[in-house]
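In what follows, a single structure is set out as structure tokens and then discussed.
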Amino acid sequence: MDKLKLNNTNSSTFLLPLLFLFHLVFLAAQPIVHGQSLYHVKTIAGSYPNGYNGDNIDATKAEIAIPDGLALSPSNNGDIFIVDKINCRVRQVVASSGKIKTIAGVGIPGSVTTTIATLARFNYPSALAFQNSDVMYLSDTNSHVIRKVILSSNLISTYAGQVGVPGSIGDDGVATNALLNTPGGIVISPVNNNLYIAETSNNKIRVVSYTDGIIRTFAGGGTDTSTVVQDATNAQLNFPTSIAISNSGEVYIGEYDKIRKVFNNGTSVVMFTTFELSGQTNTVNGMAISPITGALYVTVSDKVYMIQTNGVATLIAGSSYGYAGDNQLASNAMFRVTRGIAISSSGEIFISDGGNYRVRKINTNNIITTVAGTGSNLGYNGDNIEAVKAKLFGPESVAVAPNNEVIVADTRNYRLRKISLGGIITTITPSYISPRSPLVPNVGEYYFVDSSTVKYLISSSGIVITKAGSGTTGYNADNIPATSAHLNLPKGIARSTNGDLYITDSGNHRIRKVFFNQTIITVAGTGTSTYNGDGLLATSANINNPYGIVLTSNNEVIFSEYEGHRVRKILNDGTLITIAGTGVDGYSGENLSGVNSMLRYPAGLAILSNDELLISDSQNHAIRKLFKNGTLITIAGTAPLYGYNGENLHPLETQFYGPMGVALSADESKIFIADTSNGKVRAISFGCDLQNQCSGHGDCVMNNCSCYSGWRGSSDCSLFSCETLNACSGHGFCVSNNTCSCTSGWKGSLDCSLFSCDAVKNCSGNGTCTSSNGCSCLEGYSGLSCENRIVPPTYVSPLASKNGQVTTPVNSNIGLIVGLVVGLTLLVLLILLAIIVTICLIVKLKKKKSKPLVTKEKPIEMITTIDENVTQTANNSTSVTSDFPSDTFNNSLYQLSSNTSNTNTTTTSSTQNTDHSLLKDRYKIQQVIGQGAFGKCYLCLDSKKNDMPVAIKTISYDQSRHSKIIDECSKTLSYRHANLVEVYEFFEAQIIQSICIVMKFYEGDLEHALKDLKQDGKIVSEKMIISIMKQLGDGLNYLHQEKLIVHRDIKPRNIFYSKLDRELDEIQVVIGDYGEAKETGETQNSVAGTLQYMAPEVFSRKYSYSADIFSLGVSLIQAMANDSLDLNITAQLLYDKEEVVLDRTMEHLISRGYSEKLCNFIVTMVSKEPSMRPTSADIQNF
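Encoded structure:
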């Protein structure tokens, strides 16, 4: 696969500066709020999320958010392993120290895969099991997979299922190709080490073979409801949740309403049907078998039972629902939903007491104690502390007071809190139910809503006044005193300049207005949530759960419909219109009109002084901005990805998790975000301020830093910049990390201003170093590094007359003669060389002119690879010269003689035939058509399909690469789309020690097809360009949205065609070569692709799907342009203003006869800002 090819002659002029300056360019500011420069995102309040207070502390002081699955260390050292379900972690209590630590999971829900266990995202896991003391399996329930963790190396992989894809297929195949649906309990058989999985939603028990990784159904999936079923696979299971296996191999299955036993002969018997828990669920949550007695222990509701082999159940722990303390008999203890259970070799019983947020132990004397967990799911840890150390619990709203203090609705902690300018947090209200939407018209005055009223607080007196709402939830009437009106879960408030209040009466599906005289009316909504159109009077229009609300400068009302997935506006004439959202929840990309963009549960709103709107797109986990022209973009967040990925990042690189609120500072220099599910308040700062005095390297002027020489960053001057120091004093060049790489003879990473004779090979070999920065030159040489030779002085003869000198340079005649001879010889050789080159060029041009067009009768045969970027054609034996970037591997064009009929293709043998003429007793090797660092490409005939031509890529391996290659091949095999290269199968060929990938054999690649057209002087028609673009957009949309894959190397050579009809302007194209493809979470810290097609942000190592859009844009521009257009667009974007580059490209394409609409759309693909590019869905739907 192409990397950054330093020998690319098309881009060599730009390459070094491109690599050295990419960091500077990517951090260039983008205008978001007015014209201010972008700074970064940081947390100003909120520490750990609710239910988690850190690791490496005493286990009994650690918060655990619903402990679920349990396991004990197989090494019998007393360590306990806990599935911390809501925190999406696996945690270990170390017996020797009593401390708790995380061994897997980053604590953020999700299904993005990684190979590092402690960085993995789990989606509410439920159970775990150990193969041995180093290998652990985890049931990642809502990701529908089983994960495998190697504890010693901190590595994680998928063991069964496909991440995020529920289903029930794949029996008798490799487990990683199968689909699971909500896996619950798992267990390792003590008999054969096979892994058994309780698939709750599939009503099956499936088993993965330890020896070969094949999965099959063990029980369930049938319709037989009998008590005894001879074949367990015919039995009808009812939501199996847990599983246990005896030492003899008998399998116990816990279901919603029964316990079933499967004997070794495959017979299923229902052995227990009810626990007679009146009014409570009888679902078996956890199961374990005593290693001492062989009895089965189960957790059900708030009880723990022991079931003897004869089916008799005995209650051993749990008296009722609740918590009544520890250090008492287990039979007297109270539980809140018992879950996982494990039993030690000494008979101690460990139980996950989910609702009490504890892991508890029953010792051999039946005394119960807590071994992990505080017993509380704390979301509050006090006031008068630093706000960044305070815990917030579901903060939904944020506001800014006139004095720039930040007010937070700490919703689930039932309080309003204030963050002072010094960063200290305090509570400013007494306890209220779910307070939201603080509004601060004046310092010390606060409006806010609770579950059924609107309150007004004067902090100086502590008086709280009800402004609207009777305190009764519901709706009764309008045109009555506001305090007599029933409200139903009000969410947002806005206040006009004359003091009128506007309320989003969410549960009543209305917008209410409270006049200054305290009368309340409805200004929008009918009380019905079903959408009935736009353009109606607002009081006749239905609205769906309104949430945020703001007023424009001319008092028009804008509100969000949380469950209607819209933002709507009440015009001054009373008409209601939609200004953003389609009514369908989702994410449709960037830079679209607001009414054509999808939103997903829009919540809080904020409005700028110029009436531009900020939207908390809560379940797209982003802050969106709606311009006055109706265009919608994302200004913060990584929609649709979510989580928490650190501080001080670019807003478009910062992950949020369900942000519900947004607010602006009074001067609009900062945006504040209630990052609700992360339990934080985040701030986006613009420019400099009193807290950020340009890092001491500049002056704050008009809210922007004027940096001193050697520093940059208009927001803080924190970045050293050798670019501003006269290009490293003229003695070097700037490299990434903003340091100088000095030329020979100079040193000083900051500016290369210090001469160093040590670095110039002992003063150029013409002197000696007298110090670290001084040379003593030999006679006849001068210069700082003795690099200059002194011309010998003229010799003055004693016979010289007074009228003139007789000058005889010493040995000068000999030197002159030698110089003349050498010079004449070189001149003759240069003339001869020029003649030879001219003749060669003439011959070559004649060959090119006589080259036939690619036709159906003589197709260009193409093969694409998976790991390396090896593309080889079968057309002629002459090397191709192209204005497209060449591959890392040398291209060879092999001659094939083809006679094609309906069923057969015959190909002449090659000098590179292999000795292994048959693969898998099926594929007949014809010849090698490509070769790379790790394998070869073969043209083969499929003997089982009438000798159909196929391409087989072989990848040699050692054991260290084997599993990785298999995993990548498995992923590739799952890509099924009409516009992706078709991969038939892969298999392992021991005879050549390679993995073989069998693919469709395509007619040719787009690069060579376009090259032939250009050589013939033809222009690719607009119809064909659009066809290519839409097909590739379709393929990319599948990769991006279905597979969450970034291709990373889109270019004409990796685009293949199966049909090309130039007369009808028809083409069928596919995307190939997935060697650099990565899931979105795996692109960080890597730069990959072909330089000429790489998006600028790739060099920052933080990029996503839009990088593929940029590459596609460059590819299409190449197809449309002639040779006069500089195609090094990435380099141009680094050197020139973006508008200059894009306008120049646009003008050129229009001059070639393409429509302005098409040109504008394609040029937008190469915008420097990723959010300005269309999405693959936009391209697909052009």
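Here the sequence shown stands for residues -29 to -1, 1 to 1153, where the numbers follow mature numbering (1 follows the signal peptide of the UniProt record, and there is no 0). We treat Cβ as the ideally placed atom computed from N, Cα and C, and that holds for glycine. Quick caveat: nothing in here was measured; it's all calculated off a predicted structure.
Item	Value
The alpha helix (DSSP H) that contains K1128, what's its start and end?	1127 to 1135
Under 6 Å Cβ to Cβ from G786, same chain only, skipping five residues before and after it: list those, please.	Note that G786 scores a pLDDT of 49, beneath 50, so its modelled location is shaky and nothing firm can be said.
Between which two residues does the beta strand (DSSP E) containing V158 stretch?	154 to 159
Could you have a look at T382 and say whether DSSP puts it in helix, strand or coil?	helix
Assign V555 to one of two classes, buried (16 or more other C-beta atoms within 10 Å of its C-beta) or exposed (fewer than that).	exposed
So, helix, strand or coil for V1111, using DSSP?	helix
Report the rounded CA-to-CA distance for N562 versus I1080, giving the unit in angstroms.	14 Å
Compare the beta carbon distance of V199 and E226 with 8 Å and say whether it is the shorter of the two.	no
Tell me whether S524 is buried or exposed, calling it buried when 16 or more other Cβ atoms sit within 10 Å of its Cβ.	exposed
Reducing DSSP to helix, strand and coil, say where M970 ends up.	strand
Evaluate contact between the segment 57 to 74 and the segment 88 to 95, counting only Cβ atoms and requiring at least three cross-stretch pairs below 8 Å.	yes
Is it buried or exposed for S1086, if we count other Cβ within 10 angstroms and need 16 for buried?	buried
Can the beta-carbon of Y418 be found less than 8 Å from the beta-carbon of R466?	yes
Counting beta carbon pairs with one atom in the segment 367 to 385 and one in the segment 612 to 622, are three or more of them shorter than 8 Å?	no
Short of 7 Å in beta carbon distance, which residues of its chain neighbour S213, apart from the five on each side in sequence? Order them along the chain.	G155, G156, A169, G225, V255, N256, G257, M258
Candidates L428, A98, M1065, Q1002: which alpha carbon is nearest I159's?	A98
With H, G and I counted as helix, E and B as strand and the rest as coil, what does DSSP make of F1153?	coil
Check whether the Cβ atoms of D588 and K599 lie closer than 8 Å to each other.	no
Quick check on DSSP: helix, strand or coil for C723?	coil
Taking buried to mean at least 16 other C-beta atoms within 10 Å of its own C-beta, is D381 buried or exposed?	buried
Can you list, in chain order, the residues of its chain whose CB lies under 8 Å from that of Y328, leaving out five sequence neighbours each side?	G22, E34, I35, A36, I37, P38, G344, T345, G346, S347, N348
Which same chain residues end up closer than 6 Å to M919 when comparing Cβ atoms and leaving out the 5 residues on each side of it in sequence?	D913
By the three-class DSSP mapping on this structure, what secondary structure does S1142 have?	helix
Please report the residue range of the alpha helix (DSSP H) in which A980 lies.	977 to 986
Note the first and the last residue of the continuous alpha helix (DSSP H) segment covering D324.	Careful: D324 lies outside any alpha helix (DSSP H), inside the beta strand (DSSP E) at 320 to 324.
Provide the residue(s) that pair with L912 in DSSP beta bridges, ordered along the chain.	K895, P920
Within its chain, find whatever has a CB closer than 7 Å to the CB of Q1151; leave out the 5 residues flanking it on each side and keep chain order.	K1001, G1004, D1005, N1008
Tell me where the beta strand (DSSP E) around residue 1154 begins and ends.	Only positions -29 to 1153 of the chain appear in this structure, which leaves residue 1154 out of reach.
Of all the options A206, E532, L150, which has the alpha carbon lying nearest to the alpha carbon of S500?	E532
If I measure Cβ to Cβ from G141 and keep anything under 8 Å in the same chain, skipping five residues before and after, which residues do I get?	N148, A149, L150, I186
Return the first residue and the last residue of the beta strand (DSSP E) that F364 is part of.	Where F364 is concerned, there is no enclosing beta strand (DSSP E), given that its DSSP letter is neither H nor E.
Is DSSP giving S1147 helix, strand or coil here?	helix
Return the residue from the list I230, N1099, E959 that minimises the CA-CA distance to N209.	I230
Rounded to a whole number of angstroms, what is the C-alpha to C-alpha distance between S1142 and E1013?	20 Å
Is the CB-CB distance between V521 and A577 below 8 Å?	yes
Quick check: the Cα distance between V179 and G144, rounded to an integer number of angstroms?	10 Å
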